[in-house]
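Let me begin by presenting the structure, written as structure tokens, before commenting on it.
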Amino acid sequence: MFKIQLRGAGRNFPAWVPALVGAVLVMAGTVAAQVGTLSSQPLLNTRSINHLLEVDGRLYGGLDAGGLVTWDVGDWDNPRRIFADGRVSGNYITDMAWSGRYLWVATADGGLTRIADPGGAEPEFRAFSSSIGGTNLTAVTAAVVNNSEVVYYAMDGAGIGRIIDGLPGNIYTQYQDGLCSDDVTALALYGETLFVGTPVGICRFVDNTFVESNDGLGTLIINDFCLDGDGRLLVGTEAGIYYWAPAQTRWQYMGVLPGQRGSRLAYGPAGLYALGLDGLDTGYLNRFDGGTTWTQIAAPYTRTRSLAVGTSPYVGGQVNPEGMVTTVGYGYLGLYGADEQWTTRVLDASMVANATGVTYGRDGSPWIGSHNATGFCQQTEDGWFAVYELASADNDSSGLFDHGSNIVAMGTGMDGTIYAGQLSRGVVRHDPQTRVTELMHPTNCGLEGRGTTNIMVHPDGTVFFMHDWRDINKVEILVNPAQWRNPNNWDTLPMGEGGLGTTAEVYAALVERNDVIWFAVAGVGLVRWDINGDAAGPNDPLTWLDTSDDRWDDPVSDLPRASNDPKDVRAMALAEDGTIWVGGNGLARFHYTVSGEELLVVVDESFSEKSSPYAEGVVDGNVVGVNVDADGAVWVLCRSGLNRGVTSGGDTYFSAYFDPGNYLANSSFAALYSFNAVIDLPGGEYRRMVISPDGEKLLISSDRGAAELTFAAGDGSGAASALDAYFYPSPYKPAEGSGFLKLGGIAADADRGDPAEVQIYNLEGQLIFENLNVTAHEGFWDGRNIALERSDVVSGMYIIRIKYGNQTVVKSLAVVR
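Taking this note's numbering, the leading residue of the sequence shown gets 2, the next gets one more, and so forth.
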């Protein structure tokens, strides 16, 4: 049996937003300082270099899902990666252009980025995303025309836009403006005229009118434009190469690539080159020898996709490691030298582009599993190691089951063994010391299920395998991992009443104490299992295989007045004070007591999606991961972003972190959070999160890769740094409670830090209150204006400046009378 009580109804205040909130957020930077305690390292696949451009002695490579990579010409061994974190706006690079002033980078997931002084020591980045009509771009061109920089960009299926001297302007579409197609494949500025290439031909933008310009072409499928050394505009098509004859306003035939269709064109000091693809999509470099003659040069690798020409031609593309049978691989750069030989460099990176399963090794190294079943990878001090080859038999030691069964679950045994569940097949067991990989499945051990969706390891070494609808038994345990082939070391947990209930899936498990485990069961709720029962305690030997003394409490199927449904909990974590965090369609924290047959659950806090700048909440209502770090802070991963919660005085206060794409895709985020919340996260839909063995790092997966986050650990007190300072209650209602505003997020006693200095301003910038000796959780302001003989301030927005030690942060506060 169980009963539920609620302690406090949460602090989700009404979603009213004052008219001036936008200005206040810009002025106040409500979360401007939160990223100061957090650093993020994207763990992204390079996959393929699909675009190349040389500018002022530096080569730029646009990666498919991996950001931007750059080299100093001649120094190919030291590439630099630039990710989507407020510098480059996205990680899927689709095109690049140099105007003569700025480098412009188009992306498929974050819009457009302008880079000033790209080859300098400190390039300046400016993102164009929310103001240009779309973030999924396919092409960009730029030039200085009549002393103004003009940029045109193409949006996938949505036409083209224009930027003049940094100011976004018109957007042109097929049906409104006569563009030949909204699906644009290539753009070029030829003098003052814009040429637009599409799958159905070319049009020119002349006198604000789009004019069809296909005369002379042998095909209307357009791949690329290029200016050659004679000042001619060239176009690469499926039928050959053509150049534009302005006097005749038609295209003239220039030649065909032998046995290939034209893909990319580039001109530089080394001459004019074209990259062609044959019927098997094998890339070939072609040198123009004059007239209509092209000489074919075999590219260094089959999957060659990009071309640039400086003093020498460069190509880029993808390398597939030996034994890899899918299209996932590593990006490569090739330099064709004067000796007509290739010099190549392969980028070291994760093999996983679409990640789900994540775990930390016992040595603290991150492991990432591919949702597309291409393998799983480990980041080591010496680079990346990948398990990707296929096993030749189900019970041998050579690799994966297949490349078609998603790796959605990973875990690390107490002996260091890495477990990776492949859906519908079984579990891959990898020893990082010997690099031996073994396959666990019903025919060679006691594992009965094949649909493993989550893996948890108990501190005594027992491994839990949780399954989905594919399997009758939803949780199996391996009691002695060293003897995994022995069926007697395996057990299945009971279903139905007196067990896990009847369910399609067990989402998660949590070791609350040595002998008590909680399960999040889909459609059932939170189920508590006491392994030893009431007669024994956590220090007694665990009776894993003896079910006679087990205690199974009735499921917690409802949390009245809480924001999340326990039947949909996807993740759980144990707080420092022994309470339990649960996340699913919201977030809640509870504690419980056991009295006889009764389980009494008490809800301490409940949070839903953040609804206003003044309400505490998580970034969205789909929580997929919850962890507690070494400092006692709770980390909450949602589908579109990350939260960090610090509990103080019984209340929890959240900071938020986003990738650019998710931040810009939700129009409400700009009103709720500062753009400074954008950091190096992979983007897309987030899936799993684990914490490192030392509690100081997080590993996050998404459908666009993974990221490892490192945060400054404190002294274990749970107190936040000055950069996470906050005020409460918020909004501040002087007539309620103690009547005083309080400050949290700084040291609570004088021996651990100086008092904070606080200044409060109205929106006109007038100082209305100042206290230079504010200590944590002590009331310091009663809502009166000391500049006006302690008269009550009116309802509205106020700006608060906090100085704590050598750090300063500015925040906003709503006062409600």
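All C-beta atoms in this analysis are idealised placements derived from N, C-alpha and C, irrespective of residue type, glycine included.
Legend entry - Simplified DSSP state of Ile133, which is helix, strand or coil: Counting from one through the sequence shown, the residue named residue 133 turns up at place 132. Correct three-state label for Ile133: coil.
Inset, instruction - Please say whether Ile50 and Ser307 have beta carbons closer to each other than 8 Å? - result: To locate residue 307, count along the sequence shown from 1; it is residue 306. To locate residue 50, count along the sequence shown from 1; it is residue 49. In this structure, Ile50 lies closer than 8 Å to Ser307 by Cβ.
Legend entry - Extent of the continuous alpha helix (DSSP H) run through Pro661: Taking the sequence shown and counting its residues from 1, the one referred to as residue 661 is at position 660. Its alpha helix (DSSP H) spans residues Pro661 to Ala666.
Legend entry - Ile165 burial status per 10 Å Cβ neighbour count (16 or more: buried): Within the sequence shown, the letter at position 164 stands for residue 165. Ile165 is exposed by the Cβ-count criterion.
Inset, instruction - Tell whether a beta-carbon distance below 8 Å holds between Ala634 and Gly646. - result: What you label residue 634 is simply residue 633 of the sequence shown in a count that begins at 1. What you label residue 646 is simply residue 645 of the sequence shown in a count that begins at 1. The criterion of a C-beta distance shorter than 8 Å is satisfied by Ala634 and Gly646.
Inset, instruction - Along the alpha helix (DSSP H) that carries Ala300, what are the first and last residues, could you check? - result: Here residue 300 corresponds to residue number 299 of the sequence shown, with the count starting at 1. First-last for Ala300: undefined, no H or E at that position.
Inset, instruction - Assign Gly787 to one of three DSSP states: helix, strand, or coil. - result: Translated into positions along the sequence shown, residue 787 becomes position 786. A quick correction: the sequence has Ile, not Gly, at residue 787. Of the three classes helix, strand and coil, the one that applies to Ile787 here is helix, per DSSP.
Inset, instruction - Go through its chain and collect everything with a Cβ distance to Gly662's Cβ below 6 Å, but skip five positions before and after it. - result: Counted from its first residue, the sequence shown places residue 662 at position 661. Close CB contacts of Gly662 within its chain, under the 6 Å cut and outside five residues either way in sequence, are with Asp110, Gly111 and Gly684 (chain order).
Legend entry - Identity of the residues DSSP links to Ala155 by a beta bridge: Along the sequence shown, one-based indexing puts residue 155 at 154. The partner list for Ala155 (beta bridge, DSSP) reads Ala140 and Ile161.
Legend entry - Arg562 to Gly67 span [Cα, whole Å]: The residue labelled residue 562 in the question sits at position 561 within the sequence shown. The residue labelled residue 67 in the question sits at position 66 within the sequence shown. Arg562 and Gly67 have their C-alpha atoms some 43 Å from each other.
Inset, instruction - Compare the Cα-Cα distances from Ile787 to each of Leu336, Leu278 and Ile761 and report the closest residue. - result: Locating residue 787 in the sequence shown gives position 786, counting from the first residue. For the set Leu336, Leu278 and Ile761, the Cα lying nearest the Cα of Ile787 is the one of Ile761.
Legend entry - DSSP three-state assignment for Pro488, whether helix, strand or coil: Your numbering for residue 488 matches position 487 in the sequence shown. Assignment of Pro488 by DSSP, reduced to helix, strand and coil, places it in the helix class.
Inset, instruction - Within 10 angstroms of the Cβ of Tyr337, are there 16 or more other Cβ atoms? Answer buried if so, exposed if not. - result: In the sequence shown, the residue the question calls residue 337 occupies position 336. Buried, because 16 or more other Cβ atoms sit within 10 Å of the Cβ of Tyr337.
Legend entry - Exposed unless 16 or more other CB atoms sit within 10 angstroms - verdict on Gly376: The residue you call residue 376 lines up with position 375 of the sequence shown. Label assigned to Gly376: buried.
Legend entry - Buried versus exposed, by CB contacts within 10 Å (16 or more), Trp470: Locating residue 470 in the sequence shown gives position 469, counting from the first residue. By the Cβ-count criterion, Trp470 is exposed, with fewer than 16 other Cβ atoms from all chains shown falling within 10 Å of its own Cβ.
Legend entry - Residue environment, Ser656, which counts as buried when at least 16 other CB atoms sit within 10 Å: Walking along the sequence shown from the start, residue 656 turns up at place 655. With 16 or more other Cβ atoms within 10 Å, it is buried.
Legend entry - Own chain residues within Cβ distance below 6 Å of Phe386, not counting five before or after: On the sequence shown, position 385 is the one that residue 386 refers to. Scanning its chain for C-beta atoms nearer than 6 Å, with the 5 sequence neighbours on each side dropped, one finds around Phe386 the residues Gln379, in chain order.
Inset, instruction - Check the DSSP bridge columns for Leu401 and list the partner residues they point to. - result: Counting from one through the sequence shown, the residue named residue 401 turns up at place 400. Bridge partners of Leu401 according to DSSP: Leu391.
Inset, instruction - Measure the alpha-carbon distance for Val603 versus Arg590 and round it to whole angstroms. - result: Within the sequence shown, numbered from 1, the residue matching residue 603 stands at position 602. Within the sequence shown, numbered from 1, the residue matching residue 590 stands at position 589. Approximately 9 Å between the Cα atoms of the pair.
Inset, instruction - Sort Gly450, Asp516 and Ile133 by Cα distance to Thr493 and report the nearest one. - result: Taking the first residue of the sequence shown as position 1, residue 493 is located at position 492. When only C-alpha atoms are compared, the closest one is Gly450.
Legend entry - Anticipated Cβ contact below 8 Å, Leu440 with Phe402, distance rounded: Within the sequence shown, the letter at position 439 stands for residue 440. Within the sequence shown, the letter at position 401 stands for residue 402. 6 Å between Cβ atoms; contact.
Inset, instruction - Please state if the CB of Ala155 and the CB of Leu188 are separated by a distance shorter than 8 Å. - result: On the sequence shown, residue 188 is found 187 positions in, with the first residue counted as 1. On the sequence shown, residue 155 is found 154 positions in, with the first residue counted as 1. Going by C-beta atoms, Leu188 is nearer than 8 Å to Ala155.
Legend entry - Closest residue to Arg304 among Gln297, Gly284, Val347 and Ser425 (Cα-Cα distance): As a working note, residue 304 is residue 303 in the sequence shown. Proximity to Arg304 across Gln297, Gly284, Val347 and Ser425 peaks at Gly284, based on C-alpha coordinates.
Inset, instruction - Return the first residue and the last residue of the alpha helix (DSSP H) that Asp178 is part of. - result: On the sequence shown, position 177 is the one that residue 178 refers to. Looking at the DSSP string, the run of the alpha helix (DSSP H) that includes Asp178 is Gln175 to Asp178.
Legend entry - Which listed residue (Asp632, Val522 and Thr544) has its alpha carbon closest to that of Gly585: Mapped onto the sequence shown, residue 585 falls at position 584. The candidate whose alpha carbon is nearest that of Gly585 is Val522.
Inset, instruction - Give a yes or no on whether the C-beta atoms belonging to Ile456 and Gly427 are separated by under 8 Å. - result: Along the sequence shown, one-based indexing puts residue 456 at 455. Along the sequence shown, one-based indexing puts residue 427 at 426. Taking 8 Å as the Cβ cut-off, Ile456 and Gly427 do not qualify as a contacting pair.
Legend entry - Reduced DSSP secondary structure (H/G/I, E/B, other) of Leu673: Working through the sequence shown from its first residue, we reach residue 673 at position 672. Shown here, Leu673 sits in a helix according to DSSP, grouped into three states.
Inset, instruction - Determine contact between the stretch 805-812 and the stretch 780-795, defined as no fewer than three beta-carbon pairs at a distance below 8 Å. - result: Counting Cβ pairs under 8 Å, fewer than three are found: no touch.
Legend entry - For Lys804, three-class secondary structure by DSSP: The residue you call residue 804 lines up with position 803 of the sequence shown. Residue state, collapsed to three classes: strand.
Inset, instruction - Could you tell me the boundaries of the beta strand (DSSP E) in which Glu819 lies? - result: Within the shown structure, residues of the chain are numbered from 2 to 818, placing residue 819 beyond reach of any answer.
Inset, instruction - Would you mind working out which of Gly167, Gly192 and Cys204 sits nearest Thr174, comparing C-alpha positions? - result: As a first step, residue 174 must be located in the sequence shown, where it is residue number 173. Out of Gly167, Gly192 and Cys204, Cys204 has the C-alpha closest to the C-alpha of Thr174.
Legend entry - Continuous beta strand (DSSP E) assignments of at least 3 residues falling wholly in the stretch 581-655: Restricting attention to beta strand (DSSP E) runs no shorter than 3 residues, the stretch 581-655 encloses them at 581-584, 588-596, 599-608, 624-629, 635-639 and 642-649, ordered along the chain.
Legend entry - CB of Leu700 within 8 Å of CB of Glu686, strictly: Looking up residue 700 in the sequence shown gives position 699. Looking up residue 686 in the sequence shown gives position 685. No. Outside cutoff.
Inset, instruction - Give me whichever residues DSSP pairs with Asn772 in a beta bridge. - result: Walking along the sequence shown from the start, residue 772 turns up at place 771. In the DSSP output, where bridge partners are listed per residue, Asn772 has Val759.
Inset, instruction - Please report how far the alpha carbon of Gln434 lies from the alpha carbon of Gly462, in whole angstroms. - result: Taking the sequence shown and counting its residues from 1, one reaches residue 434 at position 433. Taking the sequence shown and counting its residues from 1, one reaches residue 462 at position 461. Roughly 18 Å between the two C-alpha positions.
Inset, instruction - Starting from Leu348, follow the beta strand (DSSP E) in both directions and report where the run begins and ends. - result: Taking the first residue of the sequence shown as 1, we reach residue 348 at position 347. Looking at the DSSP string, Leu348 is not in any beta strand (DSSP E), and its letter there is neither H nor E.
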